[in-house]
Amino acid sequence: MTIRQRKTHPSLWLAASLFGLGMATPALAQEDDPIKVGILHSLSGTMAISETVLKDTVEMLIEQQNEAGGLLGRELEAVVVDPASDWPLFAEKARELLAQEEVDVIFGNWTSVSRKSVLPVVEELNGLLFYPVQYEGEESSENVFYTGAAPNQQAIPAVDYLMNQVGVERWVLAGTDYVYPRTTNKILEAYLKSYGVADEDILVNYTPFGHSDWQNIVSEIKAFGSQGKKTAVVSTINGDANVPFYRELGNQGIDAADIPVVAFSVGEQELTGIDTGPLVGHMAAWNYFMSVDTDANYDFIDAWIEYTGDEMAVTNDPMEAHFIGFNMWVEAVRKAGTTEVDAIKDAIIGVSVPNLSGGYATMMPNHHITKPVLIGEIQDNGQFSIVWETPSTVAGDAWSDYLDGSRDLISDWRKPMECGNYNVVTGGCGGQAEQVAAE
Amino acid sequence: MRMLQRLLPGLLCLCLLCSLPLAAQAQDESGQALLASLDADSYAEKGEAIEEIIESGDPRSRRWLEALLGGKLQRHKENGRFVVVVENRGRHWPVVDALSFEAAGEMSRRELDRVGINNALRGQLQGALAVLDLHAEAVEERRDAARALLGDIDASLVEPLQAVIDSEADGEVRHLLEQALAIHRLAQGDVAAVDALAGSLNSQVRAALTAASRSDDPTLAQAASAALADIEQKMRLNRGLETLYFGLSLGSVLVLAAIGLAITFGVMGVINMAHGELIMLGAYTTWAMQQLLPGQPGLALILAIPAGFLVSALAGVAIERGVIQFLKGRPLETLLATFGVSLILQQLVRTVISPQNRTVVTPDWLSGSLMLNEGLSLTLNRLYVLGFALVVFAGLMLVMRRTRLGLEVRAVTQNRGMARAMGIRATRVDILTFALGSGVAGLAGVALSQLTNVGPNLGQNYIIDSFMVVVFGGVGNLWGTLVAGLSLGVINQVLEPWAGAVLAKILVLVLIILFIQKRPRGLFPQKGRAAEG
Amino acid sequence: MNFLASLADRERVFDFLVPAASPVDVRHGPILYLEDVTVSFDGFRAIDGLDLTIDDGELRCIIGPNGAGKTTMMDIITGKTRPDTGSVWFGSRHDLLTMNEPEIASLGIGRKFQKPTVFEALSVFENLELAMAADKRILPTLTARMSGEIRERIEEVLATIGLTELQSRPAGILSHGQKQWLEIGMLLMQRPRLLLVDEPVAGMTEQEMERTAELLTGLAGKGKQSVVVVEHDMGFVRSIARTVTVLHQGRVLAEGSMDQVANDPKVIEVYLGAEEEVA
Amino acid sequence: MWLTRPFRERSTRLFLGILLAALGLVTLLNLALPEGHPLHVSTYTVTLLGKYLSYALLAVAVDLVWGYLGILSLGHGAFFALGGYAMGMYLMRQIGDRGVYGDPVLPDFMVFLDWQSLPWYWHGFDMAAIAFLMVLLAPGLLALVFGFLAFRSRVTGVYLSIITQAMTFALMLAFFRNEMGFGGNNGLTDFRELLGFDLRSDATRLGLFLATGIALALGYVLCRAIVASKLGRVSVACRDAEARTRFLGYRVERVQLFVFVVSAMLAGVAGALYVPQVGIINPSEFSPIFSIEVVLWVALGGRATLYGAVIGALLVNYAKTVFTGVMPDAWLFALGGLFVLVTVFLPRGVAGLFAYRRRPAEDTQPTAKEASA
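Chains as they are written, first to last, in my numbering: chain A, 1 to 439; chain B, 1001 to 1533; chain C, 2001 to 2279; chain D, 3001 to 3373.
Following this line, the structure appears as structure tokens:
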């Protein structure tokens, strides 16, 4: 891009001399400023394990975009901060990015709590946030775009697969005790019961963060599974706790053929920390796997390996989510011809860009996107082999149909509704009415 | 298993045929055809294809099936050639030709198309291979194969298995196979089968009986539930032992993590917040060793024990010289400084190695579990860790009690001035003591690498618990640390089943608090006038 | 040494020589009464069936070889250590075994430690202020103010213990002897009925010792303080002793005037004998 | 009047002077100067400073017990968080039916985890008076019970430190549990207004900042008053020679309990002021590491000086903000290094640099013998 600058500068000087500095400088300032892209991912603390790669991903995408000539003829510039896995710090840093750095868009967050803590700031300062991780749903903000999976894009199809293809009758819903597993399990319980699964055939279990001693729970699962019915474990266990969990599974000899485990938070990145030998056959449900067999994916992988300089570097679902989100934003900016937030918010709805699994992702009016759902089985090389996928893409549903509170809510940010939680029964726009009006 | 009756003859002859040479030409065509049929779209067709392959009795069948099972049987997209991937990490894979099994150079992921399988097929393959294994040389393999067949028998297998049983030398295998058949008969509603199964603790058996106890035939249901009740009796003892084992194993982890602290903190009075990171260093050393010795995880692990000790010990010396020596008699300052050190070490690992967790491979002799009886088996890795913890503790006791160093350490810690006066080089003792404590932390890391994440946060997860254990046991008392660690572990595991993991942990903490009220100086306090002050 | 003179004329009564009003009941009999007290640490019997009686206003010296249980005895009286068996009465009304240190202290039992312990971070003046007999509950202490008359009392004691010019310096910088005096001064501020003084003259010069002797003898007396002194220094004991108790292995070995015990064969054997050997 | 005593001290007058001046200046620069003016203090900065000040108050509370009572509490975060939760619960109830589900009573997280009714301990928090009372009571009571048990049985030194740590750790795990009804890991967030003021308006932010500043001033004066009183000297006595103090007839455990509870309440207030400014309260405030960090601020600023605690808190947190911005990948090196260097080279903390008279801080440290005992 140094070349680019050499190209632009003389011409600008020309412009300046022609129209006179007074007129030109404001325009010049406009033209010359790089477009600032905020990256809000933890680089230290407990979440660094998962989030650092996402920071690198966005930086890579920005680099590529600049090599491709930037955006609207302007450079893209990454503004990286470290919220250090500290939730209040997330809010503070978001404020810093929007108020101080005046970034045009933010890519960031992993945990629900960090998103929740950033949400009010982004809404108050009217920023743009692209959130790349699968989450519990039950949220739709005017300023947030959810490029990760909502429950209906991950959990429910996975359970369908287990029920119909594998013939599972008994269910263990094991999760870390926080809102994503809680909500997902609530939804799944309701869903399973709607298919006539009896209470005694569902075992729900919650463990603290970073739980490292799984002996009891695994043996409990073993006992639960030895009741003569096909049993499966639906795991919403969070990052760190998975390694000891899978190790214990392996050692207590729970084989995928007997009791398969399908996980929603275990991807290639997590598997790099596990000796996958004993885990072959256990499953995960995502919208993307590194093993997806498309040229788009291979190109992405090559670029990533080149960028990180690590031949063994792996890609995962949230990275694809950022890939999609970034491209959608770029599209929207092109479409709107500006990086001005409200323009983007209108422009981006309906934008569709290719995803890495050979299809297209479209931004829906509820700020969620369409994704295919893939089920993969763990291989001994830490990759997933895709054993099933939805025939077509699924649109993300912000408000689950299986929870009392949210059944009646829909979200549509297009005019005239412009509401994240429209209640089809009362016909009112939930609590945010006043607030939307206020803004 | 429904297909086994058709392929069993094939299987059996396969074992005989294995060595017979065939005309290479004919082989290739037939082989290519078989493999092509494997590369079908639906899993059902693939199932059929697998049967065909086995029936064919082709000598390469076994290697094909294993390659298929490992997801290593792949097809070249352009020329449709089948290859078996040797090593499938990274982007470019060394492969061998699937027909001739001759090396075929490297191929990129892009060019290859995997012949995928799912759990159902995996089960089918494992079943098939299991039946093959019934004819294996090693009795252990035969036993595992027989065990694998439990609950997977259907009519087709009854005849041949009967034959196998008669020819089988090993009693255990015979017993298992008979049970396998009994389960099958039970499923057919044969009440007599219940007696054959009575008393077995095997989970498959229990599953079968539970199913039977739900059957509509009252006599069968009644008999089955009776047998179940009897089995439950035996299981109860098992569960008790199991919980105890869980507790001890958790305890041993706590002890390992804390014992080093018991030295640096308990004996030297240094509140070492970087202790956790010293553990982490030990774990990373294990990882590094495995990187240095690819393919020999076991050896690497063994070597990691001294290496881990050394690395952490050196780090300890660095910390002692660099920071702690300036903070003599100001333990609180050591807390602050070492906290800083721990931050630095964490970030160091993140930047130098990686913020992601590292894979530490578990060697075969550490994975799996030791089967005491059909119902109770102890996970090996934890068993080893438990033993390791005890060994480390014993070693430490020896050092502190029997060696010159131990004597000097105790002297210096009791009365520095006096010890000095008696010609003990206190500084040297400090360094050695701290190195010892840190080194032990390193050992803990090596052990933990077999149980949990090896990542930058490893230390953070253990530092708090470590302090709890040391204090609970009574500062400055190694025995206290041992007893405290083990008892806390057991209590936790006893509480967990009915309180749940989270509540159990909370209860343990509350218990510690209340206990300290009763014994303000831990389990093993120093008594007498000295302690009164 | 005008202070000695003033001590000499018995007409003048220093207010700090007059004990604060104490509920202790000494109408009939002794002020301190230990019976069959036994305590042991890890099996070792520090005190073994000890009987001891201190009369009101008495000055009692307690001697004995190391490990005889002298300090432990004081710990028991002041409630720091709980005996395994036996009874300890303060006057005829208060069972000390049912009370904790502050309660015992506020009953009017003051103690000076073997190793002088003063509040090194606080100034000499503040040390005395804290020691002063006053309402020691939380809120009164929080709102307490320095009245002129309190200041006077402290000044007096400062003069007595000869630390006037050091009063605003932190106690941490005092010499060993000065700390001893400061601690005695704190005792005086407490105005106790019974003083337990553990090795008061360790690390003092001859002259300081004399002053201490004078002071202690001056303190004791009917209706005034009773004093129990534990001391190794035979010379000092001889100079103040009226009655001497010899402890040995947690028991009373002998009791009586200095000369009596000095000539007691048992004592000579276990104690003085030992002394001579050492000497 | 004992409360007015501190004003006789030069250090206090100096401290209050600087603090109030700073408050005034910031307000002025924020209101008077236009956006973009080089000297303009943005609302972002104001909120940031507000956060620092609440941390400073917490640090003062810790210094009161650690510096003057010799109790190294590794669990003060618990009191801070409790105060925060009390405030958070009030703010949650203020949302009323404007939650996403429009439920008039239940907070959102309760709705979608289908709680049928409000748990009993949430009642009353819709009334400011009760909520603010709880800000003091909740930490106060916890401190009272915990302190009563601990001090009565004379738990001292590291043992005390570690059980305070155990306390906050247990509370953290408890609050992580969603059954507790405090929002689990997500905690309480998406607050709207406080006493009718819109939390998103700049005016409210400035107000909160000033309120925090004043709270800090009052808290500081209160602590000073205690320290300067005879009770303060008694607590120093407890710190340095507990047994001796007993023999002088003081109820050491009561002194400790009193100061401990006061300190806990201060911490609670700090938490309550912290929450509306950062907009979230979640169990991570209970994490032992946070409590240790607070101790670090105090040590770094200078133990047993009170103003040192303030300096430390401001310094460390400012450093954190800057480093996480300018050197996101390496800021932990900087922070860690800072801790090491200060402890090694400034044993009496930053305050030690300009301490004009000998500080008790570096004298006998009770835990010294404890730890090696």
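Think of the CB as a built atom: it goes at the ideal place given N, C-alpha and C, for glycine as much as any other residue.
As the structure is a computational prediction, the values presented were derived from the model and not from experiment.
Could you check if residue i is buried or exposed, using at least 16 other CB atoms within 10 Å of its CB as the buried criterion?
{"i": "His41 of chain A", "result": "buried"}
{"i": "His368 of chain A", "result": "buried"}
{"i": "Phe1467 of chain B", "result": "buried"}
{"i": "Val3155 of chain D", "result": "buried"}
{"i": "Gln383 of chain A", "result": "buried"}
{"i": "Asn3186 of chain D", "result": "buried"}
{"i": "Met3127 of chain D", "result": "exposed"}
{"i": "Leu1244 of chain B", "result": "exposed"}
{"i": "Gly2218 of chain C", "result": "buried"}
{"i": "Ala1484 of chain B", "result": "buried"}
{"i": "Val1086 of chain B", "result": "exposed"}
Using a Cβ-Cβ cut-off of 7 Å (strictly less than) and excluding sequence neighbours within five positions of residue i, which residues of its own chain qualify?
{"i": "Leu1303 of chain B", "result": "Met1289"}
{"i": "Leu3003 of chain D", "result": "Ala3225"}
{"i": "Gln215 of chain A", "result": "Glu248"}
Is the distance from the Cβ of residue i to the Cβ of residue j below 9 Å?
{"i": "Val3278 of chain D", "j": "Ser85 of chain A", "result": "no"}
{"i": "Leu1523 of chain B", "j": "Ile1263 of chain B", "result": "no"}
{"i": "Phe3260 of chain D", "j": "Ala3081 of chain D", "result": "no"}
{"i": "Ile1319 of chain B", "j": "Tyr1462 of chain B", "result": "no"}
{"i": "Ile2161 of chain C", "j": "Glu2129 of chain C", "result": "no"}
{"i": "Val144 of chain A", "j": "Leu188 of chain A", "result": "no"}
{"i": "Ala3138 of chain D", "j": "Gly3268 of chain D", "result": "yes"}
{"i": "Arg2242 of chain C", "j": "Ser2257 of chain C", "result": "yes"}
{"i": "Leu1513 of chain B", "j": "Phe3197 of chain D", "result": "The displayed chain sequence assigns Ile, not Leu, to residue 1513 of chain B. Going by C-beta atoms, Ile1513 of chain B is not nearer than 9 Å to Phe3197 of chain D."}
Which first and last residues belong to the alpha helix (DSSP H) in which residue i is found?
{"i": "Ala1066 of chain B", "result": "One point to set straight first is that residue 1066 of chain B is Glu, not Ala, in the sequence displayed. Residues 1061 to 1069."}
{"i": "Gln383 of chain A", "result": "Counting along the chain, Gln383 of chain A falls outside any alpha helix (DSSP H), and DSSP gives it neither H nor E."}
{"i": "Gly1417 of chain B", "result": "1416 to 1421"}
{"i": "Leu271 of chain A", "result": "268 to 271"}
{"i": "Trp1093 of chain B", "result": "That residue, Trp1093 of chain B, is in no alpha helix (DSSP H); its beta strand (DSSP E) goes 1092 to 1097."}
{"i": "Tyr3085 of chain D", "result": "3076 to 3095"}
{"i": "Ile2047 of chain C", "result": "Taken as a continuous stretch (DSSP letters only), Ile2047 of chain C belongs to no alpha helix (DSSP H), being part of the beta strand (DSSP E) at 2044 to 2054."}
List the endpoints of the continuous beta strand (DSSP E) containing residue i.
{"i": "Thr1481 of chain B", "result": "No beta strand (DSSP E) holds Thr1481 of chain B; the alpha helix (DSSP H) holding it covers 1478 to 1499."}
{"i": "Glu2058 of chain C", "result": "Neither: Glu2058 of chain C is in no beta strand (DSSP E) and is coded neither H nor E."}
{"i": "Ala81 of chain A", "result": "Correcting the residue type first, residue 81 of chain A is Val in the shown sequence and not Ala. Start and end: 76 to 81."}
Identify, in the order they occur along the chain, each residue of the same chain with its Cβ nearer than 6 Å to the Cβ of residue i, setting aside the five sequence neighbours on each side.
{"i": "Glu2208 of chain C", "result": "Gly2177"}
{"i": "Gln379 of chain A", "result": "Ser385"}
{"i": "Arg3008 of chain D", "result": "none"}
Tell me which residues share the same chain as residue i and place their Cβ nearer than 8 Å to its Cβ, disregarding the 5 neighbours each side in the sequence.
{"i": "Arg2082 of chain C", "result": "Val2039, Ile2076, Leu2097"}
{"i": "Ala190 of chain A", "result": "Tyr402, Leu403"}
{"i": "Pro26 of chain A", "result": "Confidence in Pro26 of chain A is poor, its pLDDT being 38 and thus under 50, which makes the residue's placement too unreliable to answer from."}
- Contact set between the segment 109 to 131 of chain A and chain D, restricted to residues whose Cβ is under 8 Å from the partner: For the segment 109 to 131 of chain A, which is checked against every Cβ of chain D, the residues closer than 8 Å are Thr111, Ser112, Val113, Lys116, Ser117, Leu119, Pro120, Val121, Glu124.
- Residues, ordered as in the chain, of the segment 75 to 88 of chain A that lie near chain D by beta-carbon distance below 8 Å: Per Cβ criterion, the list reads Val80, Val81, Asp82, Pro83, Ala84, Asp86, Trp87, Pro88.
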